[in-house]
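This report concerns only the one structure given below.
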């Protein structure tokens, strides 16, 4: 390992929470270089131009085995010390099992689950005591959600995978946290509404800003929390998911989404 080169890796860095993570990690000077990972190279270059920390635009599709292999090869060749990994890449779709296309379902599972796992497995060999991992899950992870069934299931996977990984990392000094916000002011809803059936989802909760969510996520991770809810509403939903039968939470969700 080259201890003189500290690197922070942020996936989904071209927009939304990933972009905000890049900004706040830049401000905190957690690394000598930020690796910004997403498919849109131009957007990554724009983000890199906003930052003071030297940044590398890594144009990659995390559902592509070849692109994952290229990232692994770069890590192997440069052998940096990875101080931070943020897996913020992901997307969702509104709709039921009939209206969301097979391609959209496969892409959600591949990016939200397999891509996240592949990146997570790539980084720890280059981490050491004090390195940190944040995985962007969602409050949707706390209970099954009709008409967002695949998305919610992928985020439940992220939550449980991260908690188990955290256990496996015990004693290494590497901290892993699952971030589970509610609604955030990003481009998520615009993408999610473009389902085949034109489904939409209403909600009564106020949308948080990316700045607020990322700030709370970084604080929770620094405090070694396993789960960062990022708001009282998300914490309440987490508690409800633990104590209320899922048939009731699903019925309540089905009413709320129609409002």
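In my numbering, the protein residues as written are 828 to 1086.
Where a beta carbon is used, it is the ideal one built from N, C-alpha and C, also for glycine.
Source: prediction; values computed, not measured.
Exercise. Pick helix, strand or coil for residue 830, following the three-state DSSP scheme.
Key: strand
Practice problem: Could you check which residue in 982, 980 and 1005 has the C-alpha nearest to that of residue 992? | Solution: Nearest to residue 992 by C-alpha distance, out of 982, 980 and 1005, is 1005.
Quiz prompt | residue 848: first and last residue of the uninterrupted alpha helix (DSSP H) it sits in | solution = 843 to 855
Self-check item: Run of the beta strand (DSSP E) containing residue 961, from where it starts to where it stops
Solution: 959 to 963
Self-check item: Supposed contact pair residue 847 and residue 1041 - C-beta distance, whole angstroms, cut 8 Å
Solution: 4 Å
Quiz item: Excluding five sequence neighbours on each side, which residues of the same chain lie with their C-beta closer than 6 Å to the C-beta of residue 881?
Solution: 860
Quiz item: Do you know whose CA, among 985, 974 and 936, lies nearest residue 960's CA?
Solution: The candidate whose alpha carbon is nearest that of residue 960 is 985.
Self-check item: Rounded straight-line distance, which links the Cα of residue 926 to that of residue 997
Solution: Residue 926 has its alpha-carbon roughly 42 Å from the corresponding atom of residue 997.
Quiz item: Counting along the chain, where does the beta strand (DSSP E) carrying residue 878 start and finish?
Solution: First-last for residue 878: undefined, no H or E at that position.
Quiz item: DSSP state of residue 1035, grouped into three classes?
Solution: strand
Practice problem: Determine the contact status of residue 950 and residue 839, defining contact as a CB-CB distance below 7 Å. | Solution: no
Quiz item: Among all the DSSP beta bridges, which residues are the ones paired with residue 867?
Solution: The partner list for residue 867 (beta bridge, DSSP) is empty, contrary to what the question assumes.
Quiz item: Helix, strand or coil: how does DSSP classify residue 1042 here?
Solution: helix
Quiz item: Considering only residues of the same chain and omitting the five flanking positions on each side of residue 943, which have a CB-CB separation below 7 Å?
Solution: 914, 962 and 985
Quiz item: Is it true that the CB of residue 1001 sits closer than 7 Å to the CB of residue 912?
Solution: no
Quiz prompt | residue 856 classed as buried or exposed, judged by whether at least 16 other C-beta atoms fall within 10 angstroms | solution = exposed
Quiz prompt | residue 1091, buried or exposed, once every other Cβ within 10 Å from all chains shown has been counted against 16 | solution = Missing from the structure shown is residue 1091; the chain here goes from 828 to 1086 and no further.
Quiz item: Considering only C-alpha positions, which residue in the set 831, 934 and 852 is nearest to residue 1038?
Solution: 852
Quiz prompt | Segment limits, beta strand (DSSP E) that includes residue 908 | solution = 907 to 914
Practice problem: Evaluate contact between the stretch 888 to 897 and the stretch 931 to 945, counting only Cβ atoms and requiring at least three cross-stretch pairs below 8 Å. | Solution: yes
Quiz item: With respect to the beta strand (DSSP E) encompassing residue 981, which residues constitute its N-terminal and C-terminal limits?
Solution: Residue 981: not part of any beta strand (DSSP E); member of the alpha helix (DSSP H) spanning 976 to 995, first to last residue.
Quiz item: Is it right to say residue 884 is buried, meaning 16 or more other beta carbons lie within 10 angstroms of its own, or is it exposed?
Solution: buried
Practice problem: Tell me where the alpha helix (DSSP H) around residue 802 begins and ends. | Solution: Summary: the structure shown does not reach residue 802, with the chain confined to residues 828 through 1086, and so no result is reported for it.
Exercise. Under 8 Å by Cβ, that's how I've got residue 1043 and residue 1062 pegged, so tell me the actual separation to the nearest angstrom.
Key: Incorrect: roughly 11 Å between the Cβ atoms, too far for contact.
Quiz item: Does the beta-carbon of residue 954 have 16 or more other beta-carbons within 10 angstroms, so that it is buried, or is it exposed?
Solution: buried
Quiz prompt | Proximity below 7 Å, CB of residue 903 to CB of residue 865 | solution = no
Quiz item: How close, in whole Å, do the beta carbons of residue 1064 and residue 930 come, if the pair is a contact with beta carbons under 8 Å?
Solution: That pair is no contact at about 30 Å.
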